[in-house]
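Working notes for the structure below.
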Amino acid sequence: MALDLAQFHDAFFDESFEALDTMEASLLKLNVGEPEPELIATIFRVAHSIKGGSATFGFTEVASFTHTCETLLDELRAARMKVTRGITDLLLRSVDVMREMLRAVQHKEPIDAQRVADLQFDLELAIVQNNSAAPDPAPSADETRVVADSTDAAAAPEAVQTAHCWTIQFKPYPQLFAHGNDPMRMLRELSELGELTVQAHAEQTPPLAEMDPESCYLWWELRVQTDATREVIDQVFDWAEGDCELQITDERMQAPAASNVVKLPLEPASAAQPVEAAPAEPTRAAPAAEHNEAPKQSLGDGSSIRVSTEKIDELMNTVGELVITQSMLSQLGGKLAGPVAEQLRSGLTQLERNVRELQESVMRVRMLPISFVFSRFPRMVRDLSQRLGKQVELKVTGDQTELDKTVLEKIGDPLVHLVRNSVDHGVETPQVRAAAGKPACGTVYLEAYHKGGNITVEVGDDGGGLDKERILQKARERGLVGANETPPDEAIYDLIFMAGFSTAEQTTDISGRGVGMDVVRRNIKELGGAIEVRSTPGRGSRFIITLPLTLAIVDGQSVAVGAETYIVPLITIIESLQLKPGMVNRVAGQGEVFWFRDGYVPIVRLHEVFGVKPRAAQLHEGLIMVVEGDGRRVGLFVDELLGQQQVVIKSLETNFRSVEGVSGATILGDGAVALILDVPGLIRLSGARAAA
Amino acid sequence: MKAKSKSSKRARRSDRPVQSSVEAEREAPAVVPGPEGVDAVAQSTERTIVLASHCTLKDVAALKGELCEVAEDCCTVTLDVRALERVDTAAVQLLCAFVRERQARERAVEWLGEPATLREAARLLGMEPLLALPEAR
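Protein sequences appear in the order of chains A and B. For the first sequence, the working numbering gives the first residue as 447, with consecutive numbering after it. For the second sequence, the working numbering gives the first residue as 106, with consecutive numbering after it.
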């Protein structure tokens, strides 16, 4: 049976891309001059594991390039090389190149060999230059590793004497080989970390004739005396996650000055002890913080699995069908009478609860933290500000706020646009800022938080704010605003969302051509969200985006119009009321209006829009539901309110065709189809009808 | 595909008697005596299994087949490791199982060529004693 390693490629690529994101984020956090050893270790591990994986799968170009990266990172880790802005830039470019190489390999496309070679040359040059520039002879590997691992430089001399002594019980599962893992690679890596003693156990190997040569029957007891931290040890076994049983304990012995590399039989007690037992071992001069490492589960992510989104969508769809079936049964149950019917109804109530819980669980599976989108911005802001000669700091809060995957995927581009605008147009150059008495370094904010069943994402800056006068002037030039008309500030700021509207004096290759803000608003609206802008002159501007948690389910109010049922999304409803005769006025160009709170609201007779025969012909006979969309309010005239329920949205585009004023459909308990109203679309539609 | 061509290179000595006997004289294979001290070289029939340059997971199924065929032979089995350049844990595990099997039957295993690659791999895996490799030259 020839083993097909290709089946593991997807997992390798997924993990490598994620790891590169981590590497990039860590590089951006790295302080020039005073790098945090933990961050360097993280960056090093990424390069190291990509190198290992690429070599395993035979992606030699990737392996070779990452090897050079790793060599440079090793210099940084050992503090033989200083972290400078130049080095960080070089490594960030390496991240880009690694990403591109992996992408090329993944899609079986040619790699840009020249670019790779150039960068590899730069990396090598940096290493060589550093080595030749080093005034003192390079300290020995052992000494430097201690410095790199120690967060307190003063403690280093002591640490030289006290190395970790990791005892590792490594019991591979039979499928370890078949999953592309070779223990030899791991043992070699361990041996590179320090002094390794190995005891192999082959007792479980069956007789030759009975053995499956592709199964692993061996297990090992290992002992590594090293300065490497627990994370580094864990990293060695990263690829074997889920394919082995692993126990790692730190004996923290005093490292003998000269010890023979011979197979030391492990004390059975220490080898067999669970991880948690480690602190009970004699631990001389062991700082408490270091101790906390031992009880950590070595394979922290072992409890998660990768599932394709298709499968989750399928599950979601099935649950949606289940909700419909359940509500059909509930309706039927309600019509029955007798003692059995009572039992049936109680069973149905139970079913309803379970279905709702199931639905919520499936929904949660689809939720991802918004950090998936936010993670690209630190790099973007850094690169942009460098190009523009500005100093910009990005502050991110609430990046763990969870959003439906579909919403998350679609919000990326609009956010990129907004952040880019904030850096380009929002934050001023250091000179301008200094003249205005502001700190030279500007700030761009990214915030995400829950608000009333929605997610709000804010993108803001502490720059000069929107130039109201220029916007107004531009709007007057284009005839959007009358010459003597002065709309409220909010309306003026809102003009920037008009197509082709840009006040930038010079368009740059970054932004300012006026294409975009209208697209941003359209994209957000397509997601069922809204965007508004606030600005204070001299203090900065802030874009506030409101997004639904999910696109699959909507909380709706069902209303009856004639024999039809419509679903109005709850989020759009402001109030429902009954009009008395005489409350309605007729206004030219607006049709019927009534006074609501602080202004007149036009009435939209739903039965007229959809061509349905209503039960209530007079406005005072039915109900008015005041809804808001696109910042405009209308009163929907309906026969009666039926009830509130969560409905599963079925796409009309997919199943039928796009219908104006309708965002989708759902199936009701009685099997009937109800249309879900698209309130902003409906308002546009009724506006057009009134004007006609 | 590559793996197949490699494993097909492997041939038992009986298929190539002339070449092998010359090699055997020149190399003077190390002798691993069985537990009872049976001198395997003294026996008239010998069988050789040539390990290809790469002996890894892809090749172990084929190699196992070959090893199984000779595992019970009373003649000396020689493992020709002269071409061996790369070996992985799966292959070492298989060779250990073979050596153990031969030792249990009190049959000898000889090594033809300096098994440096194999020795290094086995040393790293802590399995050197299990392979009963000859002393390093």
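Quick reminder that beta carbons are idealized off the backbone N, C-alpha and C, glycines included. In this text, all values refer to a predicted model and were calculated from it rather than measured experimentally.
is_contact[residue i, chain A] using C-beta, thresh 9 angstroms
i	result
residue 162(B)	yes
residue 223(B)	no
residue 201(B)	yes
residue 172(B)	yes
residue 229(B)	yes
residue 157(B)	no
residue 186(B)	no
residue 182(B)	no
residue 168(B)	yes
residue 237(B)	no
Simplified DSSP state of residue i, which is helix, strand or coil
i	result
residue 696(A)	strand
residue 653(A)	coil
residue 240(B)	coil
residue 234(B)	helix
residue 455(A)	helix
residue 912(A)	coil
residue 220(B)	coil
residue 787(A)	helix
residue 191(B)	strand
residue 795(A)	helix
residue 1124(A)	coil
residue 906(A)	strand
residue 502(A)	helix
residue 947(A)	coil
residue 1111(A)	strand
residue 932(A)	coil
Residue i to residue j span [Cα, whole Å]
i	j	result
residue 870(A)	residue 831(A)	8 angstroms
residue 1040(A)	residue 1069(A)	13 angstroms
residue 632(A)	residue 500(A)	15 angstroms
residue 744(A)	residue 1016(A)	Residue placement at residue 744(A) is flagged as unreliable, the pLDDT there being 37, under the threshold of 50; the coordinate-derived value follows with that caveat. Using only the alpha carbons, I get a separation of about 47 angstroms.
residue 1106(A)	residue 1129(A)	10 angstroms
residue 807(A)	residue 785(A)	34 angstroms
residue 766(A)	residue 1121(A)	16 angstroms
residue 469(A)	residue 839(A)	19 angstroms
residue 1032(A)	residue 1134(A)	17 angstroms
residue 152(B)	residue 175(B)	8 angstroms
residue 482(A)	residue 895(A)	30 angstroms
residue 810(A)	residue 987(A)	33 angstroms
residue 835(A)	residue 875(A)	7 angstroms
residue 777(A)	residue 548(A)	55 angstroms
residue 924(A)	residue 862(A)	28 angstroms
residue 881(A)	residue 964(A)	33 angstroms
residue 944(A)	residue 833(A)	28 angstroms
residue 1117(A)	residue 774(A)	7 angstroms
residue 816(A)	residue 851(A)	9 angstroms
residue 857(A)	residue 974(A)	11 angstroms
residue 539(A)	residue 646(A)	42 angstroms
Sequence-distant residues of the same chain with beta carbon closer than 6 angstroms to residue i, five excluded per side
i	result
residue 1050(A)	1080, 1082, 1132
residue 1001(A)	1016, 1092
residue 527(A)	521, 576
Beta carbon proximity, residue i to chain B, threshold 9 angstroms
i	result
residue 662(A)	yes
residue 510(A)	no
residue 648(A)	yes
residue 624(A)	yes
residue 629(A)	yes
residue 654(A)	yes
Same chain, Cβ closer than 7 angstroms to residue i, five either side skipped, listed in chain order
i	result
residue 190(B)	158, 159, 222
residue 201(B)	232, 235, 236
residue 689(A)	618, 619, 621, 622, 625, 627
residue 976(A)	970, 992
residue 471(A)	821, 824
residue 534(A)	473, 476, 478
residue 1078(A)	1129
The ligand PLP heavy atom lying under 8 angstroms from the CB of residue i
i	result
residue 891(A)	In terms of ligand content, the structure shown is empty, and the ligand PLP therefore cannot be addressed.
Beta-carbon proximity list for residue i, same chain, < 8 angstroms, skipping 5 on both sides
i	result
residue 195(B)	161, 162, 165
Which runs of the beta strand (DSSP E) spanning at least 3 residues fall entirely within the stretch 983-1047 of chain A, listed in chain order?
986-994, 999-1007, 1010-1015, 1019-1023, 1030-1033, 1037-1042
Of the residues that make up the stretch 188-215 of chain B, which ones have a beta carbon closer than 7 angstroms to any beta carbon in chain E?
Protein chains in the displayed structure are A and B, and chain E is not among them.
Complete runs of the beta strand (DSSP E) confined to the stretch 603-650 of chain A [at least 3 residues]:
610-618, 640-647
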